[in-house]
Amino acid sequence: MPATLYFMFYASLGLGTSLTFLSSHWLTAWMGLELTTLAILPLMAQHHHPRASEATTKYLLVQASATGMLLFATILNGWVEMSWSINEMKNPYALTLAMSALALKLGLAPFHLWLPEVMQGLNLLTGLILSTWQKLAPFALLMQISQAMPPALLTILGLSSATLAAWGGLNQTQLRKIMAYSSTAHLGWSVIIIQFSPGLALMALGIYILMTMAAFLTMKDMSSTKISTFSTSWSKSPEKMVAMILILLSLGGLPPMTGFTIKWLVLEELTKQDMYTPATLIVMAALISLYFYARLSYFTIISLFPGTTNIKTYWRQKNIKDKLILPIATTAALFLLPLMPLTLALTYLYN
Numbered sequence: 001m002p003a004t005l006y007f008m009f010y011a012s013l014g015l016g017t018s019l020t021f022l023s024s025h026w027l028t029a030w031m032g033l034e035l036t037t038l039a040i041l042p043l044m045a046q047h048h049h050p051r052a053s054e055a056t057t058k059y060l061l062v063q064a065s066a067t068g069m070l071l072f073a074t075i076l077n078g079w080v081e082m083s084w085s086i087n088e089m090k091n092p093y094a095l096t097l098a099m100s101a102l103a104l105k106l107g108l109a110p111f112h113l114w115l116p117e118v119m120q121g122l123n124l125l126t127g128l129i130l131s132t133w134q135k136l137a138p139f140a141l142l143m144q145i146s147q148a149m150p151p152a153l154l155t156i157l158g159l160s161s162a163t164l165a166a167w168g169g170l171n172q173t174q175l176r177k178i179m180a181y182s183s184t185a186h187l188g189w190s191v192i193i194i195q196f197s198p199g200l201a202l203m204a205l206g207i208y209i210l211m212t213m214a215a216f217l218t219m220k221d222m223s224s225t226k227i228s229t230f231s232t233s234w235s236k237s238p239e240k241m242v243a244m245i246l247i248l249l250s251l252g253g254l255p256p257m258t259g260f261t262i263k264w265l266v267l268e269e270l271t272k273q274d275m276y277t278p279a280t281l282i283v284m285a286a287l288i289s290l291y292f293y294a295r296l297s298y299f300t301i302i303s304l305f306p307g308t309t310n311i312k313t314y315w316r317q318k319n320i321k322d323k324l325i326l327p328i329a330t331t332a333a334l335f336l337l338p339l340m341p342l343t344l345a346l347t348y349l350y351n
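Okay, here's the thing in structure tokens:
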């Protein structure tokens, strides 16, 4: 694909997300969502492979369904409340329908089953965009309507996302599917706290994006898409594999790494709101998630993944042109915990 087309598609992704960020009217927000969807489709289908075509088709159908639900919700609210403003959505049926549409776009449980299948058909760079950048616009709309949503619905969505994603990722051997379930689980932590502290939910999303970026760039550098090839990468570059293990443990929320910040602050806010039962349940779900991150780390450095000996091993690494993004993302994914007082101050200023 020519470089001009790449530039056009990436610019459209940025323009669509920015348009949704700046929107106060549902029509312009819908235009931004559609622009990001149409811009990523050629990037998903650029490799002429049946699995990539299948993933692109599934993604298009899911996003079209979510967009139709969102349009119906806005029309219903406009008909009842005589307003198309995002902040003035008050009809309970329209709110529930809009919440379901945004949950489908974000891949929240129980609407998350499409995400692992789509992620499996993509290359690692496009999977990174789908796991990070494509979450921003729907999450911005979710933040704007979250204060009008029933708190119980948001709590159920957050708990179900964290729990079902943890169970779904237990027996996976494909790294892209594991990252898809990780996306759903981390978004569950953001959704459960968005009703009490939108700034904290935004900070949790930002930390998740940093950790996911570091994980995907490391997997792309090592040309690993499943555990069987991931476990043979130790002999190629032990330093990068140690960094990858730390990134995985940070995704699992193990202290003293950056991912622990999300768990700590969210649990603190939930206990302040006297939500002890949801806090206990989401911690138990986080322990299940930590298990499959630890399992992946175990197969990486301690044991060789069971399988035949005809595994294709890439003994020579590819020459990387950009050597700056990966170390910056890795450092941010591991060592931002000491900066937590500063991030807390910024969060309270936002709230």
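Under UniProt numbering, the first residue of the sequence shown is numbered 1, with each subsequent residue one higher. Where is the CB? At the ideal position from N, CA and C, for every residue including glycine.
Start-to-end residues for the alpha helix (DSSP H) that takes in residue i
| i | result |
| --- | --- |
| D221 | 198-222 |
| E269 | 259-272 |
| I75 | 50-81 |
| Q147 | Segment: none, Q147 is in no alpha helix (DSSP H) and carries neither H nor E. |
| H186 | 175-193 |
| F335 | 325-335 |
| T132 | That residue, T132, is in no alpha helix (DSSP H); it is neither H nor E in DSSP. |
| W114 | 114-120 |
| T163 | 151-168 |
Straight-line gap, residue i to residue j (C-alpha atoms, nearest Å)
| i | j | result |
| --- | --- | --- |
| P138 | R295 | 32 Å |
| T37 | A3 | 20 Å |
| R51 | I40 | 16 Å |
| N123 | G188 | 25 Å |
| Q147 | A140 | 13 Å |
| I262 | T271 | 14 Å |
| W114 | G107 | 7 Å |
| L287 | P110 | 20 Å |
| G14 | M275 | 37 Å |
| T218 | F72 | 41 Å |
| M31 | F9 | 16 Å |
| F21 | K105 | 16 Å |
| K135 | L202 | 11 Å |
| F196 | L254 | 24 Å |
| S183 | Y93 | 28 Å |
| N77 | A101 | 14 Å |
| A165 | K226 | 18 Å |
Secondary structure of residue i, DSSP reduced to three states
| i | result |
| --- | --- |
| S297 | helix |
| K105 | helix |
| K226 | strand |
| S24 | coil |
| S237 | coil |
Identity of the residue in the options nearest residue i by Cα
| i | options | result |
| --- | --- | --- |
| T277 | Q63, M44, I192, L141 | I192 |
| Y59 | L15, T300, A73, S131 | S131 |
| F230 | T300, L27, F7, G107 | T300 |
| K90 | L141, I145, M69 | I145 |
| P151 | G169, T126, T96 | T96 |
| W26 | M69, A11, T57 | M69 |
| T67 | P92, A29, L267 | A29 |
| V242 | K135, P42, P327 | P327 |
| residue 359 | I207, K240, M222 | The chain is shown from 1 up to 351; residue 359 falls before or after that span and cannot be answered. |
| Y293 | D221, G259, V266, I209 | G259 |
| Y291 | G169, Q46, A329 | G169 |
Heavy atom of the ligand ADP within 7 Å of residue i beta-carbon
| i | result |
| --- | --- |
| G206 | Absent from the structure shown: the ligand ADP. Ligands present: none. |
Residue-level contact to chain B via CB, residue i, 8 Å cutoff
| i | result |
| --- | --- |
| S12 | Structure shown: chain B not included; a single protein chain is present. |
Query raised in the report: Counting pairs of beta carbons, one from the region 155-171 and one from the region 82-89, are three or more of them closer than 8 Å?
Result: no
Query raised in the report: With a cut-off of 8 Å, do at least 3 Cβ pairs link the region 213-220 to the region 274-290?
Result: no
Query - Inter-stretch contact (C-beta, 8 Å, three-pair minimum) for the region 111-121 and the region 169-178 - result: yes
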